[in-house]
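Engineer: In order, the protein sequences belong to chains A and B. Numbering-wise, the first sequence is residues 1 to 427 according to the UniProt record's numbering. Numbering-wise, the second sequence is residues 1 to 515 according to the UniProt record's numbering. Think of the CB as a built atom: it goes at the ideal place given N, C-alpha and C, for glycine as much as any other residue.
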Amino acid sequence: MKSLGQIFSGGARQFGMVFALLALVLAFQVWTGGKVLTSTNMQNIINGNSYVLILAIGMVLVIIAGHIDLSVGSVAAVTGIIVALAIRDWGFPWWAGILLGLGVGAVIGAWQGFLVAYVGIPGFITTLAGMMLFRGANQAIGQSNTIPVPDEIQYLGAGYLPEWGPGTGLNNSTLLLGVVAIAALVWRESRRRASERRLGAEPVPMWAVVTRVAILSLVIVGLTYVFGSGRVGTSFPVAGVILLVLALVYAFVSNRTITGRHVYAVGGNRAAAALSGVNIKRTNFFVMLNMSVLASLAGIVFIGRSTASGPFDGTNWELDAIAAVFIGGAAVSGGVGTVVGSIIGGLVMAVLNNGLQLMGVGSDSTQMIKGLVLLAAVAFDVYNKTQGRPSIIGLLLQNRRRQTLLEGGTADPAVPDAPAPEPATRS
Amino acid sequence: MSTAPVILEMRSITKTFPGVRALDEVSLTVHAGEIHAICGENGAGKSTLMKVLSGVYPHGTYEGQVVYEGAEVRFHDIRASEAAGIVIIHQELALIPELSIVENIFLGNEVRGPFGIDWETARARAVELMARVGLDASPDDQIKNIGVGKQQLVEIARALAKDVRLLILDEPTSALNEDDSAHLLDLLRGLRAKGLTCIMISHKLNEITDVADAITIIRDGRSVETLSSGGGQVSEDRIIQGMVGRALESRFPERHPSIGETFFEVRDWTVEHPQVPGRLVCKGSSFHVRRGEIVGFAGIMGAGRTELARSLFGRTYGRYLRGQILKDGTPIEAHTVQQAIDHGIAYVPEDRKALGLNLLDSIEDTVVAAALEKVAERGVIDGTRVHQAAERYRRSLNVKTPSVRVGVSKLSGGNQQKVLLGKWMFTEPDLLILDEPTRGIDVGAKYEIYGLIHRLADAGKGVVVISSELPELLGLCDRIYTLFEGSITGDVDHDDATQENLMRLMTGASSVMSN
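#1: On the three-state DSSP scale, how would you describe residue 327 (chain B)?
#2: Any Cβ of chain B within less than 8 Å of the Cβ of residue 256 (chain A)?
#3: Below 8 Å, can you find three or more Cβ-Cβ pairs linking the stretch 161-171 of chain B to the stretch 81-88 of chain B?
#4: Looking at C-beta atoms only, is the number of pairs between the stretch 360-372 of chain A and the stretch 337-346 of chain A that lie closer than 8 Å three or more?
#5: Going by beta-carbon coordinates alone, are residue 95 (chain B) and residue 303 (chain B) separated by less than 8 Å?
#6: Could you run through the stretch 372-383 of chain B and flag, in chain order, every residue whose CB is less than 8 Å away from some CB of chain A?
#7: With residue 262 (chain A) as the anchor, note down where its alpha helix (DSSP H) starts and where it stops.
#8: Where does residue 283 (chain A) land, buried or exposed, given buried means 16+ other C-beta within 10 angstroms?
#9: Which same chain residues end up closer than 6 Å to residue 309 (chain A) when comparing Cβ atoms and leaving out the 5 residues on each side of it in sequence?
#10: For residue 355 (chain B), go through chain A and note every residue whose CB falls closer than 7 Å to its CB, in chain order.
#11: With a threshold of 8 Å on Cβ separation, who are the neighbours of residue 242 (chain A) within its own chain once the five nearest residues in sequence on each side are excluded?
#12: Just mark residue 72 (chain A) as buried or exposed, buried being the case when its beta carbon has 16 or more other beta carbons within 10 Å.
#13: Per DSSP, what are the beta-bridge partners of residue 487 (chain B) in this structure?
#14: If you follow the alpha helix (DSSP H) that residue 179 (chain B) is in, where does it begin and where does it stop?
#15: For a test of the three-state rule: what should DSSP assign to residue 380 (chain B), helix, strand or coil?
#16: Quick check: residue 218 (chain B) and residue 30 (chain B), are their CB atoms within less than 8 Å of each other?
#17: Between residue 236 (chain A) and residue 177 (chain A), what straight-line distance do the alpha-carbon atoms span, to the nearest angstrom?
#18: What's the call for residue 213 (chain B), buried or exposed, on a 16-neighbour Cβ count within 10 Å?
#19: Under DSSP, the alpha helix (DSSP H) around residue 58 (chain A) begins and ends at which residues?
#20: Within the same chain, show all residues whose beta-carbon is closer than 8 Å to that of residue 278 (chain A), passing over the 5 residues directly before and after it, in chain order.
#21: Below 7 Å between beta carbons is the criterion; list the residues of the stretch 319-342 of chain A that meet it against any residue of chain B, in chain order.
#22: Note down, in chain order, every chain A residue with its Cβ under 9 Å from the Cβ of residue 349 (chain B).
#23: Secondary structure at residue 90 (chain A), three-state DSSP: helix, strand or coil?
#24: Given that residue 359 (chain B) touches chain A, what residues does it touch there, using C-beta distances under 8 Å?
#25: May I ask you to list, following chain order, the residues of the stretch 288-321 of chain B that have a beta carbon less than 7 Å from some beta carbon of chain A?
#26: Quick check: is the beta carbon of residue 398 (chain A) nearer than 8 Å to any beta carbon in chain B?
#27: Looking at the secondary structure, which residues open and close the alpha helix (DSSP H) in which residue 333 (chain A) lies?
#28: Flag residue 265 (chain A) as yes if its beta-carbon sits less than 8 Å from any beta-carbon of chain B, otherwise no.
#29: Give the single residue among B:452, B:402, B:47, B:412 whose Cα lies nearest to the Cα of residue 532 (chain B).
#30: Kindly identify the DSSP beta-bridge partner or partners of residue 407 (chain B).
#31: What do you reckon, are the CB atoms on residue 419 (chain B) and residue 406 (chain B) nearer than 8 Å?
#32: Would you mind reading off the limits of the beta strand (DSSP E) that contains residue 297 (chain B)?
#33: Using a Cβ-Cβ distance under 8 Å, would residue 198 (chain A) count as near chain B?
#34: Beta-carbon within less than 8 Å of residue 121 (chain B)'s beta-carbon, same chain only, minus the 5 sequence neighbours each way: which residues are those?
#35: Less than 8 Å between C-beta atoms, sequence neighbours within five positions excluded: which residues of the same chain meet that for residue 168 (chain A)?
#36: Mind checking whether the beta-carbon of residue 131 (chain B) lies closer than 7 Å to any heavy atom of the ligand SAH?
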């Protein structure tokens with residue numbers, strides 16, 4: 001138990017969740033007779049879900065702060081139609097079209113942020129209204145037509161990393177990405193150990209760290225091979241790269257910046273945050289603004305993938321994003337959640353969708369299964385919370401918000417080697 | 001002594017919470033048809049006793065016997081006690097603001113007809129009940145549109161609708177103005193004449209001496225004495241003596257104050273209630289704090305101590321009307337919490353869990369929460385500095401935890417309070433306002449907190465302590481201000497302060513300044 005805990009602990013907080021996702025992938029690999037882990041299928045999973053995962057990144061911040069955003073699908077749709085029209089009819093070059101799209105997202109975000117933070121209309125209502133408003137706007141602006149987009153935009157949503165250099169048998173860009181990922185993993189792990197030593201905490205044993213790095217590296221190697229060895233002209237999708245960059249940036253912002261900490265503080269205890277000098281309104285404004293900007297980015301990526309902007313783009317995306325966030329361990333009451341957890345939550349849904357489809361399960365059953373998975377994940381969380389234990393997903397994630405003793409070492413001999421201290425420490 | 005039969009006898013009631021003995025062999029005897037007042041300081045155990053009686057704490061969670069109307073009763077919840085005719089009206093009224101008077105009177109006690117609720121009968125009965133309590137309003141008025149005095153009458157009408165035989169009122173007049181209070185007391189007298197028995201918890205001693213037939217005094221969870229008072233035979237002084245009559249234990253660290261110049265001053269601070277325009281919660285308060293001085297704020301609940309502190313701390317309570325804050329002789333602007341923190345003011349709230357801590361946070365995240373910029377470089381937080389800061393306070397405040405990465409929710413109350421103090425000490429304030437710093441923590445931890453407060457003062461900071469425990473203020477403070485209904489009524493030096501004269505100033509009794 002202890003050794004398992006040491007592998008899971010600390011830096012690779014998402015490791016346990018990654019493990020669950022892997023198990024799901026492997027299970028479907030077996031059930032479908034090997035159809036999941038093929039280059040084409042994996043590329044499809046990334047391309048077909050990247051926009052929802054981008055939304056999940058913004059949505060987790062909104063939910064941590066204690067709000068919800070139902071308008072993201074419509075915001076993505078209205079951005080899509082404006083970008084498509086701007087490039088085709090209004091003479092915008094493709095890059096200016098993208099900037100215009102992000103600008104549209106910022107304006108919408110500022111509008112909704114203003115209503116939520118400064119006027120005080122609940123996010124649910126503001127964005128329910130936004131959902132109708134911007135859906136209608138999409139159809140009014142595009143006159144319910146489907147407008148095609150140029151190749152540059154399509155490259156964002158459906159393109160692949162380019163090939164170059166010597167023939168290695170794999171796509172070299174993908175290979176490079178894999179190497180960089182492993183290097184970053186090792187670097188992070190060593191930095192973590194150094195900082196632990198500096199702070200005088202008892203470090204996790206070397207063998208545990210090595211095992212952890214080895215397992216994760218193996219996963220990366222496997223992914224590099226799968227993505228890099230597809231048919232000619234394909235590799236790791238560009239949309240996946242956008243997603244990776246966003247995930248890294250937002251994981252950093254949420255954990256390591258004052259802005260990010262304020263989001264957690266507002267959602268965790270609004271009154272205490274206010275009395276600690278946190279500007280509640282500004283924080284709420286930020287999360288709503290940020291969400292809409294990410295929604296427009298998702299909209300741009302999507303019209304790239306579907307090669308055109310249409311009147312029903314983005315329908316029900318908000319629900320997929322919200323489900324991803326809650327499967328990823330966020331709390332309905334706010335204050336809890338992680339960016340990486342939400343992405344993994346989204347991937348769990350994506351793999352479920354994909355695997356069931358490959359197995360020939362109809363969309364009716366697929367929806368029911370997804371609904372039950374969402375319910376089960378959150379029910380587990382709620383049950384564990386009422387039992388005073390950390391949530392299963394929180395436990396798997398071992399994230400910053402639910403600290404266990406493992407990370408701090410066992411400085412106090414009175415505390416047993418349990419993963420979490422059950423009784424309150426009495427003075 | 002009353003010759004009426006005994007309606008209620010509580011025998012040797014003992015109620016313990018983890019680590020605290022809230023009631024220790026408390027006995028209470030109430031005769032039928034009397035108004036029986038229960039007096040005691042905040043935290044003496046009055047409300048706990050009433051919760052035992054009304055079944056909020058079910059039978060089995062306390063020791064002792066409750067004998068009601070001649071037989072032992074064992075209530076398992078509020079419904080059981082209400083079925084027996086015992087109704088409690090809490091200090092915070094339990095009315096639904098959006099519903100009408102008639103709907104509120106029969107909430108949970110609906111008049112059933114063959115087709116759902118029989119509103120016609122309910123209305124007719126409501127009108128009759130409203131007449132009985134002298135409530136002049138339409139039964140269809142919404143609760144939010146009638147004044148708090150009338151709301152209190154609705155509560156009583158609601159109790160009468162339940163065929164109440166023993167009515168318990170917890171601080172019934174604390175939110176009422178003088179006219180409404182007088183009306184309410186008249187109503188109680190009228191109900192008594194019709195045979196209703198009342199138990200009344202109140203801090204307002206003049207009302208008690210006025211209306212009560214018998215007075216039971218509770219102190220530190222023990223029943224001290226029962227005085228019978230047939231209309232003003234017991235003086236306020238006699239009650240105060242009973243409430244505070246205890247020797248000061250030596251539970252405070254020794255202190256050798258070295259008090260410097262006045263550096264913090266508040267002038268004519270006037271603040272309006274956030275929801276009720278025209279109701280002032282701070283009425284032109286002026287006070288000052290010197291360097292190295294520990295200043296106490298004494299007052300009964302609702303006197304406006306917390307309201308004053310929070311309105312000073314970035315105007316986080318009420319609506320500012322006028323007044324000035326001066327630091328080192330210069331007026332300062334503290335319109336937001338951030339500005340207040342920047343000016344070296346810290347406020348440690350009374351309700352740790354609701355207002356002080358984010359219970360999802362670890363100790364280290366909590367310590368830096370009010371001064372993130374001190375551990376960050378251009379907005380990016382340095383985890384090492386966070387950890388080091390937290391470790392520093394863990395050691396200096398003696399927080400008992402295996403690691404600063406443990407969640408604050410896992411700490412005991414005393415350790416949570418220390419972490420909260422650490423959070424505000426990390427902002428490097430000049431003035432700390434501590435609101436009930438020892439509420440709900442055990443004696444050992446209290447002693448440590450007192451020591452910390454001394455250390456802060458010795459370091460030249462000004463410390464304001466708000467406390468409902470007079471012995472605590474007397475043991476800790478160099479000077480004590482008393483507040484009553486939003487006004488500062490006294491400024492008493494440590495050497496002149498006694499529980500009696502403070503209590504007199506706090507209850508608005510005929511105030512004679514001692515110096």
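Structural biologist: With the given structure in hand:
#1: strand
#2: yes
#3: yes
#4: no
#5: no
#6: 372, 373, 376, 379, 380, 381, 383
#7: 258-268
#8: buried
#9: 80, 81, 84, 147, 303
#10: 271, 272, 275
#11: 50, 54, 156, 297, 301
#12: buried
#13: B:484
#14: 178-193
#15: strand
#16: no
#17: 9 Å
#18: buried
#19: 39-64
#20: 262, 265, 266
#21: 335, 336
#22: 271, 272, 275
#23: coil
#24: 268, 269
#25: 316
#26: Reliability fails at residue 398 (chain A), whose pLDDT of 41 lies under 50, so the model's placement of it is uncertain and the value that follows must be treated cautiously. Cβ-Cβ to chain B under 8 Å: no for residue 398 (chain A).
#27: Unbroken run through residue 333 (chain A): none, as it is neither H nor E.
#28: yes
#29: Here chain B covers residues 1 to 515 and nothing more, so residue 532 (chain B) does not appear.
#30: B:362
#31: no
#32: 294-298
#33: yes
#34: 111, 113
#35: 175
#36: Annotation note on the ligand SAH: not contained in the displayed structure, which lists no ligands.
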